[in-house]
Amino acid sequence: MTTISQSQCGRFWQDGFIRLKNIATHAELKTLRTVGDRLLREKAGFNEGMLFDFYPEGDGPDKPKLAQLHHPSHFERSLLDMELARRVQRIAMQLLGPKARFVSDSFFHKPAHTEAVTPWHQDEAFTDPRIEHREVNFWFPLQPVSLANGCMQFIPASHLGPVLPHGPIGGDPTTHGLECISGFELEQAVICPLELGDCTIHAGRTLHFAGPNHSDAPRYAYSMVFGLPRRASNEIRSFPWNDNRHLSRDQRVHASRRGQGNFWPYLYRKVKEFDYTNPYEWRLGAHRVARLIKGRTSDK
Ligand SMILES: O=C(O)CCC(=O)C(=O)O
Numbered sequence: 001m002t003t004i005s006q007s008q009c010g011r012f013w014q015d016g017f018i019r020l021k022n023i024a025t026h027a028e029l030k031t032l033r034t035v036g037d038r039l040l041r042e043k044a045g046f047n048e049g050m051l052f053d054f055y056p057e058g059d060g061p062d063k064p065k066l067a068q069l070h071h072p073s074h075f076e077r078s079l080l081d082m083e084l085a086r087r088v089q090r091i092a093m094q095l096l097g098p099k100a101r102f103v104s105d106s107f108f109h110k111p112a113h114t115e116a117v118t119p120w121h122q123d124e125a126f127t128d129p130r131i132e133h134r135e136v137n138f139w140f141p142l143q144p145v146s147l148a149n150g151c152m153q154f155i156p157a158s159h160l161g162p163v164l165p166h167g168p169i170g171g172d173p174t175t176h177g178l179e180c181i182s183g184f185e186l187e188q189a190v191i192c193p194l195e196l197g198d199c200t201i202h203a204g205r206t207l208h209f210a211g212p213n214h215s216d217a218p219r220y221a222y223s224m225v226f227g228l229p230r231r232a233s234n235e236i237r238s239f240p241w242n243d244n245r246h247l248s249r250d251q252r253v254h255a256s257r258r259g260q261g262n263f264w265p266y267l268y269r270k271v272k273e274f275d276y277t278n279p280y281e282w283r284l285g286a287h288r289v290a291r292l293i294k295g296r297t298s299d300k
């Protein structure tokens, strides 16, 4: 049974990230690589807005600079049946407590010989500021990673401060990716090369970055996010960088949910993943249904 020590737990909460050795087996990584390759080749999730480029999508889905497939387990359920998911869940429960549950997974693909970086950001900057997200993100590279092909880098203890100001990459409102624009010292960055089977874990508010891929091969990674039940944030805060964006991904999300063929599978997934034990989710759900009904009736 894989667990982490108390001192590893302590270090995680002190620094906001940790490197773990030998968490995934080579067979599991091979399966992840095969599934990731297939889903990305098939452009799974593109029409639903789940597959997108961190950078503007002007060149279409075929030449992404940094492709992210969000929720690949929606398209390949067996990903969550792997022993790896249970192993990771146990560690998430050590870090967050017994209520930690699976939130989402993602594949990341950075092509060979690209200058495109995953800019400095806090995952929480992408979320709704009215909701408190207490999450941890397990990041598994699917080949060894170093500075040469875009390993992760972290700013220690950045999870202890606020969500810092962000903006769309390069100030371009059509860019899906966000970058942190101030409030941290680059010199503090800790570079985390990893061998096959190792992973990093970072908190939802930890500032992180992955550099360009100067190698001859694409750099793949698979991440799994676990979190505590969501609740209302007790801070009054706003994330203005999420307003007034013009994302091709959002257009695909909306078009797909409105399309007859996709709405019911979408609703089925939402109902299946709904956390019935959390009263706050019922409130959010009611708001969402009201918005959906309003949107569908105003279409007519
Ligand atoms: O794989 C990458 O380049 C970035 C991953 C990342 O930012 C994340 O998992 O939060």
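In case it helps, full-length UniProt numbering puts the sequence shown at residues 1 to 300. The beta-carbon is built from N, C-alpha and C at its ideal position, and this holds for glycine as well. Being a predicted model, the structure only gives us computed values, none of them experimental.
Euclidean distance between Cα positions of residue 3 and residue 232: Reading the sequence shown from its first residue, position 3 is the one you call residue 3. Reading the sequence shown from its first residue, position 232 is the one you call residue 232. The straight-line gap from Cα to Cα measures roughly 31 Å.
Own chain, CB closer than 6 Å to residue 166, minus 5 neighbours either side, in chain order: Counting from 1 along the sequence shown, the entry for residue 166 is found at position 166. Cβ within range, chain order: 125, 178, 180 and 241.
For residue 248 and residue 44, the rounded distance between their alpha carbons: Within the sequence shown, residue 44 is the residue found at index 44, counting from 1. Within the sequence shown, residue 248 is the residue found at index 248, counting from 1. Cα-Cα distance, rounded: 16 Å.
Cα-Cα separation between residue 29 and residue 286, rounded to whole angstroms: Within the sequence shown, the letter at position 29 stands for residue 29. Within the sequence shown, the letter at position 286 stands for residue 286. So the two alpha carbons sit approximately 39 Å from each other.
Residue 138 versus residue 129: straight-line alpha-carbon distance, rounded: Mapped onto the sequence shown, residue 138 falls at position 138. Mapped onto the sequence shown, residue 129 falls at position 129. Their backbone Cα atoms lie some 22 Å apart in a straight line.
Residue environment, residue 149, which counts as buried when at least 16 other CB atoms sit within 10 Å: Stepping through the sequence shown from its first residue, residue 149 is reached at position 149. Residue 149 should be labelled buried.
Chain-order list of residues whose beta-carbon lies under 6 Å from that of residue 140 (same chain, five-residue window excluded): Translated into positions along the sequence shown, residue 140 becomes position 140. Here the set comprises 24, 199 and 222.
Assigned secondary structure, residue 161 (DSSP; H/G/I helix, E/B strand, else coil): Start at 1 with the first residue of the sequence shown, and residue 161 comes out as number 161. In this structure, residue 161 counts as coil in the three-state DSSP scheme.
Same chain, Cβ closer than 6 Å to residue 14, five either side skipped, listed in chain order: For this step, residue 14 is matched to residue 14 along the sequence shown. Within the same chain, residue 14 has no close Cβ partners at all.
Proximity below 9 Å, CB of residue 35 to CB of residue 76: Indexing the sequence shown from 1 puts residue 35 at position 35. Indexing the sequence shown from 1 puts residue 76 at position 76. Closer than 9 Å, so yes.
Near ligand 1: residue 137 beta-carbon under 8 Å from a heavy atom: Taking the sequence shown and counting its residues from 1, one reaches residue 137 at position 137. Checking every heavy atom of ligand 1 against the Cβ of residue 137, one is found closer than 8 Å.
Chain-order list of residues whose beta-carbon lies under 6 Å from that of residue 224 (same chain, five-residue window excluded): Your numbering for residue 224 matches position 224 in the sequence shown. Cβ within range, chain order: 88, 105 and 138.
DSSP-derived helix/strand/coil call for residue 112: Indexing the sequence shown from 1 puts residue 112 at position 112. The answer is coil: DSSP assigns residue 112 none of H, G, I, E or B.
Short CB-CB distance (under 9 Å) between residue 57 and chain D: Looking for chain D here will not work: only one protein chain is present.
Selection from 152, 182 and 9 that minimises the alpha carbon distance to residue 189: Walking along the sequence shown from the start, residue 189 turns up at place 189. For residue 189, the nearest C-alpha among the options comes from 152.
Straight-line gap, residue 146 to residue 216 (C-alpha atoms, nearest Å): As a working mapping, residue 146 is identified with position 146 in the sequence shown. As a working mapping, residue 216 is identified with position 216 in the sequence shown. Going by the C-alpha atoms only, they are around 13 Å apart.
Contact check, residue 154 vs residue 208, beta carbons under 9 Å: Start at 1 with the first residue of the sequence shown, and residue 154 comes out as number 154. Start at 1 with the first residue of the sequence shown, and residue 208 comes out as number 208. A contact, by the Cβ cut-off of 9 Å.
Where residue 127 falls: helix, strand or coil (DSSP): In the sequence shown, the residue the question calls residue 127 occupies position 127. Coil, per DSSP.
Residue 150: CB within 8 Å of a non-hydrogen atom of ligand 1: By one-based count along the sequence shown, residue 150 stands at place 150. Checking the Cβ of residue 150 against ligand 1 gives yes.
Contact set for residue 266: own chain, Cβ-Cβ below 6 Å, skip 5 residues either direction: Along the sequence shown, one-based indexing puts residue 266 at 266. If we look at residue 266 and ignore the five residues flanking it on each side, its Cβ neighbours are 257.
Cutoff 6 Å; reference residue 299; Cβ partners in own chain excluding five residues on either side: What you label residue 299 is simply residue 299 of the sequence shown in a count that begins at 1. Below a pLDDT of 50, predicted positions are generally treated as unreliable, and residue 299, at 49, falls in that range; the measurement from the model is reported next regardless. No residues qualify anywhere along the chain.
Rounded C-alpha distance that separates residue 219 from residue 238: Within the sequence shown, residue 219 is the residue found at index 219, counting from 1. Within the sequence shown, residue 238 is the residue found at index 238, counting from 1. If I take the Cα positions, the gap works out to 34 Å.
Where residue 176 sits in the DSSP three-state scheme: Numbered from its first residue, the sequence shown carries residue 176 at position 176. Coil, per DSSP.
Residues sharing a beta bridge with residue 222, DSSP: Residue 222 sits at position 222 when you count from the first residue of the sequence shown. Its beta-bridge partners are 107 and 140.
Alpha-carbon to alpha-carbon, residue 65 and residue 171: Here residue 171 refers to the residue found at position 171 of the sequence shown. Here residue 65 refers to the residue found at position 65 of the sequence shown. The straight-line gap from Cα to Cα measures roughly 17 Å.
Exposure of residue 117, with buried meaning 16 or more beta-carbon neighbours within 10 Å: Start at 1 with the first residue of the sequence shown, and residue 117 comes out as number 117. Buried: at least 16 other Cβ atoms inside 10 Å.
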